[in-house]
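Participant: The structure that follows is given in the form of structure tokens.
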Amino acid sequence: MLLICLFAAKPMVFASRLTTEEITGKVVDEQSEPMPGVTVKIKNGKAVTQTNVGGIFKIQANAGDILVFTFTGYQVKEVTVKSKNIGTIAIAPRLSNLDEVVVIGYGKIKKSDLTGSVSKFSAKDVDQLPVTSIDQALEGKVAGVQITSSSGAPGAGLSFVVRGGNSLGSNQPLIILDGYPIDLGNGNLSLGANADVGQQPGVNPLASLNPNDIESVEVLKDASSTAIYGSRGANGVVIITTKRGKKGKDQVSLNYRTDVSNIRRKLAVLNTRDFINYANEGALNDGIDSIYNAAAMPALLAVNNNWQDQIYRNAVSNTYQASVSGGDDKGQYYFGGDYAGINGIVINSNYKRGGIRFNYDRKVSNAFNIKFSMNASKSTSRLGLNSGQTGLVSSNAIAGALFFKPLNNGVTADGESDQSVVDNPITVVNLLKDVTESNLVSSNLIADLKLAKGLTARANLGAYNTASLRQSYSPLGTYTGNQVNGYAYRAESSRFNYLSEFTLNYSQKFKKHAIDAVAGYTWQQWDQKGMGTSTSGFPNDNLTYESFQSGKSPGTTTTQHQQWALASYLGRVNYAYNDKYLLTFSGRADGSTRLADGHKWSFFPSGAFAWKLSDEKFFKDNIKVINSMKLRVSYGLSGNQNIAVGGTQATLGTDAYVINGQIVKGYTQNNIANPVLGWETTKAFNIGTDISFFEDRLQLTIEAYRKVTDDLLISLPIPANTGFSSYLTNSGSVENKGLEFEFSAQILKSPISWTMSGNISFNRNKMLSLGKLGDNGAIFGPNYLAAGSALNQPLHIAKVGYPVGSFYGYRINGIYQTAAEVAAGPEATTAKPGDFKFADINGDGAITADDRQIIGNPNPDYIFGWTNNLAYKRFTFSFFFQGSIGNDIINLNRYKLDALSGNAYNVSQAAYNGRWTGPGTSNTYPRARSSAAYFNTRFADFIVEDGSYVRLKTITLAYSLPIRKVRWMNSASVFVTATNMLTFTKYKGYDPEVNADYGNGLTQGVDNGTYPQSKIISAGINIKL
Amino acid sequence: MKALKYLSVLLVLQLFHTSCQKLNETIYDQATPANAIKTQSDVDFAMVGVYTHLNATPGFDRDITWALHPYADDISSITNFETGTWGRKSLLNSGTAFANTIYVNFYATIRDAHGVLDDVNRLNLDAAYKAKITSEVHFIRAFCYFNMVQLYGGVPLVTSSVDASSDFYQPRASVDDVYKLIFSDLTDAMANLPTRTAQPAGEFYRATKGAAQGYLAKAYLTYANYLDLHGRSSESAAYYQKARDNADGVITSGQYQLVSDYGALWDVNKEKSDYVEVIFAIPHTRDATNLTLSGEGSYYPAHFLPATYPNSTGLPTHAGNGFMRVQPWFFERYTKGDYVNDYRVEKTFLSVWTDQNGKRHVAYPLPFVAADVKEAQAFILKYVDGAGLSTFGHENDLFLLRLSEIYLIKAEAENELNGPDAVALAAFNAVRARARLANGIPRTAPADVTAATAGAKEDFRMKIFDERGLEFVAEFNRFFDLIRMRYKDNTRTMYEYQFGTYLPSLAQGLPKVTGTAWKGGGVTEASNILTYSSRYLLWPIPANQMAINPKLTQNPGW
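Written out as structure tokens, the structure reads:
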């Protein structure tokens, strides 16, 4: 239709024909900066050129010809040639994203032709944000994607959940990097480690990738998009595309950013005077003599130490980037290098990464193209020593700084860490060393060979290799170090996988029919080797983990070697009729080494249909405000393959006993074999619409979905009389259903340009069935605060009818005020006035484990993000709000801080100020007591809090420097970004953005001595040469 | 077109690759029964695997002992030893972690024992070897069920290996049925296990015929007590008889004798020679390869000895943590009456000692001088190892069954049958006679109990109770004695008497020094003591076991 109109106009254009001559001009962007690489073409003619670095072009044209200017992401501009120099042409970014190309599994597609649910995130301007890994930048930017930082530690992992957790295990999506399914994880870096050392959270594997090398990220959400990844697709698929060279002059880009971080807030704990008062009152309440007597008071009061002041700092981080890219018709290259030195707000915590990337595209012949991508990086992190589930202060300076009494100085008179105070946070941050190094080398080659018109064969071959080393030393002065006279631990892990993938693509149009199909075979194989070893009994702490030979007690060395592979056949057909009715069928058959014989293969099909409603005549004729509208519907299956190697077989472990004075190893059984174990399967239904209003000034995407995950892979708790605690089996189902809205709008165009985008997602998670366990059954999460921390209970439960990982514990109904009230209660013989009044839920007159119930939900009611970008002349200004509403957090720090039990640790100012001191004085906080039995060792709703927050996540001001006279420079801009400046929350802990045990669907929403988020001010400069 | 050639080569390679790749799984780093247990010596390693659970963390290496000591009336845990609070009854409920870990660990032991039975049945082994291993499996299984039936009452009885097709959900068996299995297993174990002296050195610490018969005597006695306490006294006599006869069988077997110096039992350097008396024990050694809790060393010196007793542990300070202490009333009892000048009191309790700075410490109720440090509580002196390697790296074994207990079992069973007759007194006095030998310089205390001093059957039972209290303190007996034995009124357990009547009669709180004398306060460490309730006679069935197995029923009161 459009085409016909243009042809009709043609004769008029050619009305005054002139002779061909060289026309010149300059192309600039909306900020009047020169635009290199813009394609300039004569409409309906052959001549084509590109602007140079200065935005200048020259083309042979006739007066009256129409020049067409195109550039990816920008509106097409047409200018009629009137004179030899047509002057400066400004082109503007495109408002609509409908014709942008979206990367999907095994292909690309125009957004307008998409039948599934895919969100695209453009990584533009990521260099202005203090992010260590690309997933941090994604937080709040994509509907249906919930990203929560596990902690504020540099390089820390994130929980990355697409449309709610399907599994009781890991819900991390599959990551595809430039067509290569990458292997997340550094391997087991705590093999054979003792409890404290083994508990440290790992480093985010995505932090090995330089976020500034990344061009875009696509998140595949519905089954139609993910089924082509078969047994790995159920948690969503994240496709990361790195930057590649473009035709045109070589371009050098240099970026520098510095970040200054500090703690957002400190928590109020008691000073020395209050602590002494508290401890003595507690003793008095329990009929024990004062802990601190009057005579000792002056000496005690001389020390008043707030440990938080001792371990937190203003941390300065620096990030340097350089890239060179360019190319011609035959080849394009991108070379990037970076170094990031990120310092955490806890003394000595840091993350350093250096890396290079080389991407090369070559047109070998008209029929043969190759794309090569290579990445090598090295990172080193010294952990900020935050939480493990045991919550021991020996490896947790964050908790230690809250819990340690104000009576001790952290340092001795000569300025050294006071190692006589066991687990002193100063010792932990200064002398306890835990350093992890990771090396990543990956490369892959994609070769395309055109076999016939529309038919292309592709080979994708590559390898991905990570090698990690963890070294840890616990000196004297830490619990572990004291037990064994210094403890050194070293773990090594190497993970290698290779991919060998062959696909055929067929793309053809026959009149009104368009077909785009892909089919292929892939083989991916992984090999993982690991080792963990320790030594203790060191003469001193001087050489730390560097000299195992100086320890007298070499520990057991544990080794690991696992191999697994996945063979797959995959295919997809996209069919379009009249460019209005779009159909997609896709499927993948996965065969895995990890499943038992006879059950190795499974098939994951999907189908989708889309209708471009706005292309129908009745629509066009009647609805003017909507300029495009598409309806989509899809249904399909995908899987989750979290089965350990050997999971279907019975294996033996070893343990030792003393026989005749010698240590002898014996065999013990590990598990019950399950020969019918299979993948869990997610069936997902999605319906969505993409609507564009007011000539694309407002675009809206609405999606609704329901996913049911069946045959959950669970470690089914079985009665102990079997000899085992659990049995790996397929049992139960989980439902996730939700609504997602995404919009983008151009509010103002000029002179101020203002674009706005946002998203809001609602997900409801529910356990539908526990299969063999029955509807009254339950699966509990792990025990928390084990060993010396004395809670030793699970916090989470999976129960039919409730969200997975709901919090499960006791309820407290205020405080017993009088002896009569105690006598009438369920704990008449054990409680005293001033103690917590635990609720007797089942009314049996006693507080037992049966009085536990669901007391919280880690899942938010909704999450949202809202971005505004403003541009005026040389200034751009953007701010981004993001939030999570309705989720609960277990603030485990308060288990010790708020129970007012015992004098082993400090308590919170709020609990102390609000404590019960007699009838009517408090119905919230209890009396002070001398025993360390916090909350009577019960996990109660008292420490479950509303974790809702809304936060001004980032605010950025950038200025493009006027450097037109600097000939060697193309552009230069400076920026300032503030992160986490404003937060609205009622959460009492350090920060509501916390998820200590993010790796598991059953353990969400815990703050347990977790490294807090910081406020960050960043500033930097970007230069293009 | 060169490219085409390369690509066709690749495609051909890929086809080849496809047809060759098998999806077979290879497990490199773990053994499986089929590939690892093929010969008789492999079966021995599997049998050692069964024993490993006994000194695992949830077993006797930590949880059982940490949990049971403060649960009884003789030892308390200090308040700021957080894990010590585990054992406090006020905090015990069915959700308490160790209620489960201990339960699970016994069944894991039984599981691996059954695995060994599968192995011997699968392999073509020598019949005698097969019979011996089967007997050993039966011993371990009976040992586990005997501990469980005392702690939890009737528990699900599993007597063969469980696989994916088994019914996982078993109900609790009756107490009678559990004992029936224990008796038949131990009887079988006696048949084919080697005697102590016939046991090859390479099996030392594993079960013997004497261990099977000793436990059989103990199980018969415990079951007879159970019948008496449950109004079935008419049935009990037969079991007292069996208890007495089997105890006598061990005594007359010629395999064991009492170590002449009671103190030598607690000298780590003489440990191996103690095994003429020790019938079954949890072994420990200074495990240089693993200084942590999971290593093969013991933690007892670290937790039982105070920080002021130098050169006694493997901690960096070479002193202890003092987490577990003796209840003042309990130590006081053994400073009076029959026990004045009893050598065992000196070797059992740390009550007077000199610290690192040369200061003398004196525990209640002993006399002191002004310069002394006054200690409200004495400590346990049975586990001392100055050459220990770490907190958890001590040599001290945990003796679970000694010949002296066999004598006292014989005395008690005979007393229940026939009162304090000559047989009962002779067995009882054998233990006292050894105590009098002291360190080679014989003493007069403790005097023999005679027909004149024994009193009635019930009085003599109390003497046996007290004798056991001293002889076996911190040897994992006190709690079981409390719930097993009847007070002299024959209607109550000793547990009920102690916690319901005796301890509440004492002034509450730790003793203190006022001026020159022990005064004020009382003789109990009140925060460890809780009013008697009948529910404490059994532990709770773990809440998570209740949650996953609908066929389980909870013990009364939990």
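As they're listed, the protein sequences go chains B and H. Per this note's numbering, the first sequence runs over residues 44 to 1068. Per this note's numbering, the second sequence runs over residues 1377 to 1934. Beta carbons: idealized from backbone N, C-alpha and C, even for Gly. Predicted, not measured: the structure shown is a model, and the values here were computed from it.
1. Residues in its own chain within less than 7 Å of B/Val-464 by CB, not counting five upstream and five downstream?
2. Are there 16 or more other CB atoms within 10 angstroms of the CB of H/Asp-1437, so buried, or fewer, so exposed?
3. In terms of residues, what are the limits of the beta strand (DSSP E) holding B/Pro-1005?
4. Which residues, in chain order, does the segment 521 to 551 of chain B contribute to contact with chain H at a C-beta distance below 7 Å?
5. What does the Cβ neighbour count give for B/Tyr-620, buried or exposed, with the cut at 16 atoms within 10 Å?
6. Helix, strand or coil for B/Phe-581? Go by DSSP, reduced to three states.
7. Note down, in chain order, every chain H residue with its Cβ under 8 Å from the Cβ of B/Lys-406.
8. Between the segment 1741 to 1759 of chain H and the segment 1695 to 1711 of chain H, do at least 3 Cβ pairs fall closer than 8 Å?
9. Put B/Lys-496 into one of helix, strand or coil per three-state DSSP.
10. What do you reckon, are the CB atoms on B/Ser-681 and B/Gly-212 nearer than 9 Å?
11. So for B/Leu-834, helix, strand or coil by DSSP?
12. Leaving out the 5 sequence neighbours to the left and right, which residues in its chain are closer than 7 Å to B/Phe-728 when beta-carbon positions are compared?
13. Given B/Leu-755, which residues of its chain have a CB within under 7 Å of its CB, disregarding the five upstream and five downstream residues?
14. Taking Cβ-Cβ distances below 8 Å as the criterion, which residues of the segment 751 to 771 of chain B are in contact with chain A?
15. Rounded to the nearest angstrom, what separates H/Gln-1884 and H/Tyr-1676 at their Cα positions?
16. I need the DSSP call for H/Tyr-1581, collapsed to helix, strand or coil.
17. Can you tell me which residues form a DSSP beta bridge with B/Leu-1081?
18. May I have the straight-line CA-CA distance separating H/Glu-1771 from H/Ala-1747, to the nearest angstrom?
19. Under a three-way DSSP split, which group does B/Gly-228 fall into?
20. Nearest by alpha-carbon distance to B/Val-204: which of B/Gly-187, B/Phe-447, B/Lys-89 is it?
21. May I ask which residues mark the beginning and end of the alpha helix (DSSP H) holding H/Ala-1473?
22. Once DSSP output is grouped into helix, strand and coil, what is the label at B/Thr-301?
23. Taking only three categories from DSSP, how would you classify B/Ala-687?
24. If the cut-off is 8 Å on Cβ atoms, which residues from the segment 601 to 633 of chain B count as contacting chain H, listed in chain order?
25. Give a yes or no on whether the minimum CB-CB distance between H/Val-1424 and chain B is below 9 Å.
26. In the DSSP assignment, the alpha helix (DSSP H) including B/Ser-796 goes from what residue to what residue?
27. Using a Cβ cut-off of 9 Å, which residues of the segment 706 to 737 of chain B contact any Cβ in chain H, in chain order?
28. Should the segment 212 to 225 of chain B be regarded as contacting the segment 274 to 285 of chain B, the criterion being three or more beta carbon pairs within less than 8 Å?
29. Output, in sequence order along the chain, the residues in the segment 1477 to 1490 of chain H whose CB is closer than 7 Å to any CB in chain B.
30. Considering just the uninterrupted stretch of the beta strand (DSSP E) at B/Val-205, what are its terminal residues?
31. Helix, strand or coil for H/Val-1652, going by three-state DSSP, please let me know.
32. Which chain B residues are close to H/Pro-1686, counting only those with a beta carbon under 8 Å from its beta carbon?
33. Under three-state DSSP, which class holds B/Ile-669?
34. Would you say B/Glu-870 and B/Asp-931 are within 9 Å of each other, going by their C-beta atoms?
35. Report the neighbours of B/Gly-689 on chain H: residues whose CB is nearer than 8 Å to its CB, in chain order.
36. Pairs of beta-carbons, one from the segment 659 to 670 of chain B and one from the segment 635 to 645 of chain B, closer than 8 Å: are there three or more?
Facilitator: In this structure, then:
1. Contacts found: Asn-451.
2. buried
3. Looking at the DSSP string, B/Pro-1005 is not in any beta strand (DSSP E), and its letter there is neither H nor E.
4. Asn-525, Gln-526, Val-527, Asn-528, Ser-543, Phe-545
5. exposed
6. coil
7. Those within 8 Å of B/Lys-406 in chain H number zero; the least Cβ separation is about 11 Å.
8. Cβ pair count under 8 Å is three or more, so yes.
9. coil
10. Contact: no.
11. coil
12. Here the set comprises Tyr-678, Tyr-748, Arg-749.
13. Ser-210, Leu-211, Glu-723, Asn-773, Ser-774, Gly-775, Ser-776, Val-777
14. The structure shown contains no chain A; its protein chains are B and H.
15. 28 Å
16. coil
17. Past the edges of chain B, shown from 44 to 1068, lies residue 1081 of chain B, and the structure says nothing about it.
18. 35 Å
19. In the structure shown, B/Gly-228 sits in coil (DSSP, three-state: anything other than H, G, I, E or B).
20. B/Gly-187
21. For H/Ala-1473, the enclosing alpha helix (DSSP H) covers residues 1473 to 1498.
22. strand
23. Coil.
24. Thr-602, Gln-603, His-604, Gln-605, Gln-606, Trp-607, Ala-608, Ala-610
25. yes
26. Looking at the DSSP string, B/Ser-796 is not in any alpha helix (DSSP H); the run it does join, the beta strand (DSSP E), is 795 to 812.
27. Ile-706, Val-707, Lys-708, Gly-709, Tyr-710, Thr-711, Gln-712, Asn-713, Ile-715, Ala-716, Asn-717, Pro-718, Val-719
28. yes
29. When CB distances to chain B are screened at a threshold of 7 Å, the residues of the segment 1477 to 1490 of chain H falling below it are Tyr-1479, Val-1480, Tyr-1483, Ala-1484, Ile-1486, Arg-1487, Asp-1488, in chain order.
30. Looking at the DSSP string, the run of the beta strand (DSSP E) that includes B/Val-205 is 201 to 205.
31. Helix at H/Val-1652.
32. In chain order: nothing, as chain B lies at least about 17 Å away.
33. Looking at B/Ile-669 - three-state DSSP - the assignment turns out to be strand.
34. No. Outside cutoff.
35. Glu-1401, Ile-1403, Gln-1406
36. no
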